[in-house]
Every structure is written in C-alpha cells, then in structure tokens.
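Enquirer: If you read the protein sequences in the order shown, they are chains A and W. When the letters of the first sequence are read in order and numbered with our numbering, they come out as residues 1 to 414. When the letters of the second sequence are read in order and numbered with our numbering, they come out as residues 1 to 414. Mind looking over this structure? Questions follow.
There are 2 protein chains.
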Amino acid sequence: MSYKFDKKIVKFQSINNPYKQDVIIHPIMRGGIIPDEVQKMLIDEGWMKVGYAVCYDCIEGRSGLVSKPPINEFLPTVAEFFDGDTAEHTFGSRAAQFSVMKTIADNISEDFAKIVLTDPLCHYTTAIAAEMNNLKIVEAQHSNYPDYKVNAEDFVDRIESIKKETGKLPGLIAVTHVEPYYGNLNPAKEVGKIAKDYGIPYMVNAAYTAGIFPVSMKELKADFLTVSAHKSMASIGPLGFLVTNYEWSDKAFKKSTIKPDRTGRTFSKKIVNIFGCSIGGLPLISAMYSFPHVAERVKKWEEELDKARWFISEMEKIDGIRLVGERPHNHHLMHFETPIFWEISKHHKRKGFFLAEEMIKRGIVGLHRGLSKHMKISLYGLSWEEVRGVRDAFYDLTKKYVDEFKLNYESQKA
Amino acid sequence: MSYKFDKKIVKFQSINNPYKQDVIIHPIMRGGIIPDEVQKMLIDEGWMKVGYAVCYDCIEGRSGLVSKPPINEFLPTVAEFFDGDTAEHTFGSRAAQFSVMKTIADNISEDFAKIVLTDPLCHYTTAIAAEMNNLKIVEAQHSNYPDYKVNAEDFVDRIESIKKETGKLPGLIAVTHVEPYYGNLNPAKEVGKIAKDYGIPYMVNAAYTAGIFPVSMKELKADFLTVSAHKSMASIGPLGFLVTNYEWSDKAFKKSTIKPDRTGRTFSKKIVNIFGCSIGGLPLISAMYSFPHVAERVKKWEEELDKARWFISEMEKIDGIRLVGERPHNHHLMHFETPIFWEISKHHKRKGFFLAEEMIKRGIVGLHRGLSKHMKISLYGLSWEEVRGVRDAFYDLTKKYVDEFKLNYESQKA
Numbered sequence: 001m002s003y004k005f006d007k008k009i010v011k012f013q014s015i016n017n018p019y020k021q022d023v024i025i026h027p028i029m030r031g032g033i034i035p036d037e038v039q040k041m042l043i044d045e046g047w048m049k050v051g052y053a054v055c056y057d058c059i060e061g062r063s064g065l066v067s068k069p070p071i072n073e074f075l076p077t078v079a080e081f082f083d084g085d086t087a088e089h090t091f092g093s094r095a096a097q098f099s100v101m102k103t104i105a106d107n108i109s110e111d112f113a114k115i116v117l118t119d120p121l122c123h124y125t126t127a128i129a130a131e132m133n134n135l136k137i138v139e140a141q142h143s144n145y146p147d148y149k150v151n152a153e154d155f156v157d158r159i160e161s162i163k164k165e166t167g168k169l170p171g172l173i174a175v176t177h178v179e180p181y182y183g184n185l186n187p188a189k190e191v192g193k194i195a196k197d198y199g200i201p202y203m204v205n206a207a208y209t210a211g212i213f214p215v216s217m218k219e220l221k222a223d224f225l226t227v228s229a230h231k232s233m234a235s236i237g238p239l240g241f242l243v244t245n246y247e248w249s250d251k252a253f254k255k256s257t258i259k260p261d262r263t264g265r266t267f268s269k270k271i272v273n274i275f276g277c278s279i280g281g282l283p284l285i286s287a288m289y290s291f292p293h294v295a296e297r298v299k300k301w302e303e304e305l306d307k308a309r310w311f312i313s314e315m316e317k318i319d320g321i322r323l324v325g326e327r328p329h330n331h332h333l334m335h336f337e338t339p340i341f342w343e344i345s346k347h348h349k350r351k352g353f354f355l356a357e358e359m360i361k362r363g364i365v366g367l368h369r370g371l372s373k374h375m376k377i378s379l380y381g382l383s384w385e386e387v388r389g390v391r392d393a394f395y396d397l398t399k400k401y402v403d404e405f406k407l408n409y410e411s412q413k414a
Numbered sequence: 001m002s003y004k005f006d007k008k009i010v011k012f013q014s015i016n017n018p019y020k021q022d023v024i025i026h027p028i029m030r031g032g033i034i035p036d037e038v039q040k041m042l043i044d045e046g047w048m049k050v051g052y053a054v055c056y057d058c059i060e061g062r063s064g065l066v067s068k069p070p071i072n073e074f075l076p077t078v079a080e081f082f083d084g085d086t087a088e089h090t091f092g093s094r095a096a097q098f099s100v101m102k103t104i105a106d107n108i109s110e111d112f113a114k115i116v117l118t119d120p121l122c123h124y125t126t127a128i129a130a131e132m133n134n135l136k137i138v139e140a141q142h143s144n145y146p147d148y149k150v151n152a153e154d155f156v157d158r159i160e161s162i163k164k165e166t167g168k169l170p171g172l173i174a175v176t177h178v179e180p181y182y183g184n185l186n187p188a189k190e191v192g193k194i195a196k197d198y199g200i201p202y203m204v205n206a207a208y209t210a211g212i213f214p215v216s217m218k219e220l221k222a223d224f225l226t227v228s229a230h231k232s233m234a235s236i237g238p239l240g241f242l243v244t245n246y247e248w249s250d251k252a253f254k255k256s257t258i259k260p261d262r263t264g265r266t267f268s269k270k271i272v273n274i275f276g277c278s279i280g281g282l283p284l285i286s287a288m289y290s291f292p293h294v295a296e297r298v299k300k301w302e303e304e305l306d307k308a309r310w311f312i313s314e315m316e317k318i319d320g321i322r323l324v325g326e327r328p329h330n331h332h333l334m335h336f337e338t339p340i341f342w343e344i345s346k347h348h349k350r351k352g353f354f355l356a357e358e359m360i361k362r363g364i365v366g367l368h369r370g371l372s373k374h375m376k377i378s379l380y381g382l383s384w385e386e387v388r389g390v391r392d393a394f395y396d397l398t399k400k401y402v403d404e405f406k407l408n409y410e411s412q413k414a
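The following block contains the structure:
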C-alpha cells in the first residue's frame, strides 16, 4: 500500500481506552466484567499469544472435543449447571438463537407454522435469528406503561389465534427470561408449561440471567436455553452457549453430511449449526477460568437484588425520576424515566449528551450517550461503596444543574 | 448447585498453558501470533476488563458504526487494504463465508443453480457454509499426488457440465486462495476471469493469505473476499472480515426488515447476515492494534517464503521426507510425507504420538498429535534462528531413533 495509507493506519496501534479506571454501569456489561484473577491467569498463562488459543492439542477437529484444555469436560458442566443435557459453545447467545431457529426451520412438520411466538420485548437478536431463517415473529402482549408486564395466559390467546389463522401451531415459542428494555422477569416457567401442553418447542433466551442467578431449564420446561457468556458469565466476548435437552440435541447439533462430489470428503465431526466448530479461543478460556466464580455468584443473587432495589428507592427520591418496569424489581437492569435530566438537557449546551458526560467526569461510564429522558443502568457486582458512589454522582449532578439553571425541581425529596 | 459440583469445577480456574514458552509451528496458528506490543496494549489499556469491550460508546447499536474506538474507520480501511469497497467484521472467515452463501441463496435467480463450484481442497468451512444454506458443492479437480495442483481451465469444464446437467450456471464460484491441505496457491485470478466471463458471483476465501501477503480482490476479480483475523491477521479469535464490492454490498449487508406484529419494533441498523451486530469485543481491538504490523509484514512476504523454501530443502535431506504440494512452494503451510517417522512410530512405545511429543520435549509445539506418516507445519514469522532450531530438532530426533531402532534409513543425506 501507499505511504499515505501507512501514515493513516498508524493511529490504530495507539487506540486508548479512556474508561479503564472507571466504574462501569452499562447493563450489557456488568455481568461480563472479567474478574481480576481471571485476567491475570489469561496473561500469566500466555493465552493471548495466539488467535487459535485452544487448538494446540486439537485432535478431532472440533473445539468441543478438545481435552487439553478440558473443553470436553467444560461443556457438559455448563449443561449440568443450567440443568440441561447437552451444551455447545457458540459465538454468543445470538448465534445460539440462530442455531435454535435453524433447527426449528429445518425440522418443521406440517402441524407447525413458520412462526415464532415471542414475548413482546424480546432482544433484537431473537428477531434477527428468526429473520435469518425466514420465520415470522408474532408477539404476546405486555401491559404497557409503566410496568410492561407479560402475562403467560396471553401466550395461550396468541397460540389460539395463530391456530385459527393458519390451522397450525407456532413452530417455536421463544421467551426472553429477563427482557432487555425494562429488566422484567418474564413468566418463563408458566409459558414453558403452556408450550409443553400444546407440544410446541420452547426456547428461553437467558442472555441476561444465566450466570446471574440460578437457572434450571428443566424447571422452565425449556427445550433450548441460549446463554451469553460475555453478557452474563464474566467472559471475554464473543462467546455464548446453546444448551438443549436430549430430545433436541441430535437435531440442534447435527453433524455435517455434505459430500463434495469429486473428492468425496466428509466432515462428520463438524456440527453444521455452529459453523462446523465455533473456535472458542481466548473467550472460551476466560469462560472456564470464570466459571467457578460464576457458579458461586449466582448463590448471592439476593444481595445483588438488594442493591438494585435500594438504588431504585434512592433514585426515586429525585423529583420526577421513576423506575419503569415491574415492582418489586427482579433484575439488575433498571430503566428509569428521568424528566429532570430531560429538562436539564434543554438548558445545557451539550444537550442530551450532558448526562453521560457528567457521569464520565465522575468516573462512571456506561450511560447511553445523548439520551437524557430515560436511562438504563446496572450496578450488578459493584460494592456497596461503589453503589452509593453512583447514587451520589446522580444526586450531585442533579443539584448542580437544578441550582445552575434555577429549575423548578427538587433535586432530592429526602 | 451441590458441594460435589462446586468441588468438580474448581479445576477450571487453574487450567495451565503448557506451551506458553514454546515455539509454535501449527499452520493455523502462525499467522495469528499476537505481537508482544499488541498484547501489552490490550493489557495496559484495560480492554480485558469486560466482555463487551467495544460497546462503551455505542450509540447506534452496531459495532461497525462505533467511532470510539474507531471501528467505523477501521472497517473501510480493511476494505481498502484488500482493494474492496465495503467490509464488516464477522466471527471468523467461516461466518463470512456463511454470509456469502446466504446472500447467494437469498438472491438466486432462475438462471443459477443452488450449486457452489469450489476448488477440490477448499476448507471444510466452505462446505459447511454451503450446507447451512442448502447449497450443493461441486468441485473442480486437482492433479492428485504429489502436487495436487488445480488448473483454472477445469472450472470451465465444470461450469459447462453443470450447465449441461441443470440448464443453469452454478450460483457461486468459491476458490480457496491458498488451500489448507498442501498450502497450494490456487489460480484465483484466472478463475476470477472465468467467473466474470460467465457472469457468476465469485468468492475468494483468503483465510490463509489475507494478512500474509498482499491481496487485491479487484485483481482477483472477486465479488466477495473472506478473511480470518485469528488465522492471518495477528488477532485474538474469533474474528474475521467479509469484504465485498459495491455491486454486492447492499445484498450481503442488507439491513433487518423484520417487524414483530404487536410492538411493530424494527431494527433497521442491524445487518441480518452478521447476526445484527457481530460484537467484536477484544478480538476486534486486537485486530486494530495489529493492523499496522500486518500491513507492514505483507511487504516482507518474500523473506518468509525464503524461510519456507529453505526449510523444505533442509527437511528433504532426511531420507524419504518429501514435500507434498506444488514446487516451488508459494505459502508458509507445508505438508510433508514422512515415511521415516512412520517407521519410527512402529517401533516406538508411544506409536504415532512420539513425533509431536518429541518436538514438545524440544520446546516446539503444533504438530498434530498421533500423526507421523504426514505432517503439516508452518514457520511463518519465526526468526531464522528459530527456523534453524526447528530443523535441528527434526534432525536430532531422527538421528536418535534411527540409531536406537537401528533403522535402515539415513537420518540426513547431507
């Protein structure tokens, strides 16, 4: 390439991370914080030396069959942890959901329509996975503002209306265990019972819960559990898991049967729906290192929930701020409506950007830049001192601007 | 979980890497060695702190649109580097190939058959990508033992036979730039001309070349270039790129249009064929850090080739050892037939495992465990001193066992 090109690209080698010392409050990040001791092991053991980090001793040509490091023991352990029968690692929950939808699309019988019935606030990756497999998304409803709750019985109504319209059952029911908009815990167990009663395959997307609190797919009556390791299992991304029961594992993890015509080569160890082999690499090593930590932390979920609920009550002391979503809240993802910040943004020269920027000035990163009317936040895994620090930062910036702009708001009711 | 479970999982937190000090000679690893200074930046800048490493400042909901870190500048730079028009990052070349095959399958017109015409030694991921999209693989032929060369003209024969059989053209021609069995450089440019003449979409899988020597997809007349960052761009895995020309980019990177019925939500920034957003994470940061190094190293390819050719001539001084594949050799992946090691394995108590194990004892890792009749090896990026060290290790172990087992072999002809 040209001298000009060489000059242009130099900057990529010195990209800095302005947030390396900051407290992270981004809801998609908190469950994926890598413990210090895991980072240390990754470094000390030299796993960052090479891209294909888990392939030194690959004999059979698929990461899941590697025994050094013990991936072939780790995957069944992950399955056991989530009370499933078989697990494979994937490129995140999105790729796991793709595999599920593909399994459904490939095996659909005439009793079922090419429709996925979902909760109404499923993650976008559920919709994309359906789109990738030419499946339509039909949604159950929620209760609208302010709690957006989903009722399991509504799934029955939707199944019946799909039956009426198409003469068939939906090909899959997919429920987001905790949804990503308001952090609501969906009635996954009750929907599981409904799915079983109708004989409809059932997937639970546990990207926000598996690794956060105890999740049993048997209890949920799920056929498929999709898991995000970088979101909720303290792992380097991208990594996730697809866990299935025995009934579905052969279909979900079917081996390759394609046979090119001349060489007649076959690839019988490769799993089609996970691209043959999903590589793993450094993310998979990190997941193994983090796993004992994750297995331990799910036992302490109640402590984490206390922090979230305390923080909600503290934030609601600021005039106008209100949690949107279910009460009492059952997840670390919190969504607040923040009319006071919206009001400040109208007076602030940085407009809606003031909020995230003020927090960053205070060493707290993760609010969506530009938004001030609403905010999503998580304090999962932070110490009580840090949790109080985040509260104080919001109190502080509110007071500052209420005073500065002489707003008709109380900065705290307390 | 139970006490027994907790006890069982403790071991995952202390998995060690027995090869952290070793010289790596695994052909899939050498192009993915992470430079020391890149590892240092990843650590010092705290990018390992969280799974979603590139999402702090995501505003639009897709990693490719993020400006801090400058992914939105990096992707066009990658496209420019490979002489293409548009690039997106993917979960490796396998996911890029999947996107290509999906693009073809989704857009196939009646003039084209659901057939991918490939070189006969394409990587398994090409076959799996086809299988995932219900496309058949038809292969051109090779010249068989000992050079396995592919002739571009044979693609014409195959196109004609497909036309005769189906009345249609193949939906895609896919050529592996350098194939993974013998390291042969395929006639990608000549096939590109043929593809253009027939008007058949053309993909080059450059997993073993892009990032190793200069690759111009315009010169190859490719519509799609699939790239592996962990294999050939000195990156943490899993990561790859799909590069397209303008003609195909809207189709390959089409935005989501799915619209769930009740909420009417749309996801118009998300790219369907890459799961909406391909996350990136630590692998993507590593690729940006490594990129200037990669752009520089491709200019020094001839030096690397000298090492490979020198090594071939040195290895062939051992009685019976012979390179399989084209001569002169044009890639760092070398495949040797090693009857002398096969003979040793018959006398050795570790059977075929002796070879990889003997090398590991000498601080050299990456031979496929259990195999001794053939071996694949790469010395890409090693210093001349290390290259000589690898040669010496083979000489040494050969001499040791020829003497010990009193074999009728000369250990070196020289």
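Idealized CB from N, CA, C, for every residue including glycine. Please read these numbers as outputs of a predicted model, since none were measured by experiment.
1. Is the beta carbon of residue 92 of chain A sitting closer than 8 Å to the one on residue 225 of chain A?
2. For the stretch 280 to 296 of chain W and the stretch 308 to 321 of chain W, state whether three or more C-beta atom pairs, one from each stretch, are separated by less than 8 Å.
3. Quick check for students: name the residue ranges of the alpha helix (DSSP H) that lie wholly in the stretch 351 to 404 of chain A, counting only runs of 4 or more.
4. Is the shortest distance between the beta-carbon of residue 98 of chain A and the beta-carbons of chain W less than 8 Å?
5. Unbroken beta strand (DSSP E) runs of length 3 or more, entirely within the stretch 169 to 207 of chain A: which are they?
6. Give the secondary structure of residue 268 of chain W by DSSP, where H, G and I count as helix, E and B as strand, and everything else as coil.
7. Touch check for the stretch 43 to 54 of chain W and the stretch 257 to 273 of chain W: three-plus C-beta pairs under 8 Å?
8. Buried or exposed for residue 97 of chain W, going by 16 or more other Cβ atoms inside 10 Å?
9. List the endpoints of the continuous alpha helix (DSSP H) containing residue 136 of chain W.
10. Comparing alpha-carbon positions, which option in W:115, W:177, W:189 and W:152 lies nearest residue 165 of chain W?
11. For residue 145 of chain W and residue 213 of chain W, what's the separation of their Cα atoms in angstroms?
12. Per DSSP, what kind of secondary structure is residue 67 of chain W in: helix, strand or coil?
13. Short of 9 Å Cβ to Cβ, which residues in the stretch 65 to 87 of chain W face chain A?
14. Residues of the stretch 232 to 251 of chain A in Cβ contact with chain W at a cutoff of 7 Å, in chain order, please.
15. Look at the Cβ atom of residue 255 of chain W, then the Cβ atom of residue 270 of chain W, and state whether they are nearer than 8 Å.
16. Tell me whether residue 4 of chain W is buried or exposed, calling it buried when 16 or more other Cβ atoms sit within 10 Å of its Cβ.
17. Taking only beta carbons into account, state which residues of the stretch 342 to 361 of chain A come closer than 8 Å to chain W, listed in chain order.
18. Which stretch, first to last residue, makes up the beta strand (DSSP E) that contains residue 341 of chain W?
19. If I'm right that residue 201 of chain W touches residue 223 of chain W with Cβ under 8 Å, what's the distance once you round it to whole angstroms?
20. Please classify residue 347 of chain W as buried or exposed, where buried requires at least 16 other C-beta atoms within 10 Å of its C-beta.
21. State the Cα-Cα distance for the pair residue 112 of chain A and residue 244 of chain A, rounded to the nearest angstrom.
22. Could you tell me the alpha carbon to alpha carbon distance between residue 277 of chain A and residue 333 of chain W, rounded to whole angstroms?
23. Taking the CB atoms as reference points, tell me whether residue 320 of chain A and residue 148 of chain A lie closer together than 8 Å.
24. Is residue 370 of chain W near residue 394 of chain W, with beta carbons less than 8 Å apart?
25. Identify whether residue 113 of chain W lies in helix, strand or coil by the three-state DSSP scheme.
26. Counting only Cβ pairs nearer than 8 Å, list the residues of chain W close to residue 131 of chain A.
27. Are residue 405 of chain A and residue 340 of chain A touching if we call contact CB-CB under 8 Å?
28. How should residue 136 of chain W be labelled, buried or exposed, when 16 other C-beta atoms within 10 angstroms of its C-beta is the threshold for buried?
29. If you measure beta-carbon to beta-carbon, which residues of the stretch 143 to 169 of chain W are closer than 8 Å to chain A?
30. Have a look at residue 249 of chain A and residue 77 of chain W and give me their C-alpha separation to the nearest angstrom.
31. According to DSSP, simplified to helix, strand and coil, what is residue 86 of chain W?
32. Quick one: grab the DSSP three-state call for residue 62 of chain A.
33. State the CB to CB distance for the pair residue 281 of chain W and residue 52 of chain W, rounded to an integer number of angstroms; the pair is presumed to be in contact (CB under 8 Å).
34. For the stretch 236 to 269 of chain W, which segments carrying the alpha helix (DSSP H) assignment without a break, of at least 4 residues, lie completely within its bounds, in sequence order?
35. Note down, in chain order, every chain W residue with its Cβ under 9 Å from the Cβ of residue 89 of chain A.
36. With a CB to CB cut of under 6 Å and the five nearest residues on each side skipped, what residues in its chain are close to residue 108 of chain A?
Expert: Walking through what the data contain:
1. no
2. no
3. 353 to 361 and 384 to 404
4. yes
5. 169 to 176 and 202 to 205
6. coil
7. no
8. buried
9. Segment 136 to 139 is the beta strand (DSSP E) holding residue 136 of chain W; no alpha helix (DSSP H) there.
10. W:115
11. 27 Å
12. coil
13. 68, 69, 70, 73, 74, 77, 80 and 81
14. 235, 236, 237 and 238
15. yes
16. exposed
17. none
18. It is not in any beta strand (DSSP E) - residue 341 of chain W instead sits in the alpha helix (DSSP H) that spans 339 to 347.
19. 5 Å
20. exposed
21. 20 Å
22. 21 Å
23. no
24. no
25. strand
26. 256, 257, 258 and 272
27. no
28. buried
29. none
30. 41 Å
31. strand
32. coil
33. 7 Å
34. 246 to 252
35. Those within 9 Å of residue 89 of chain A in chain W number zero; the least Cβ separation is about 10 Å.
36. 171
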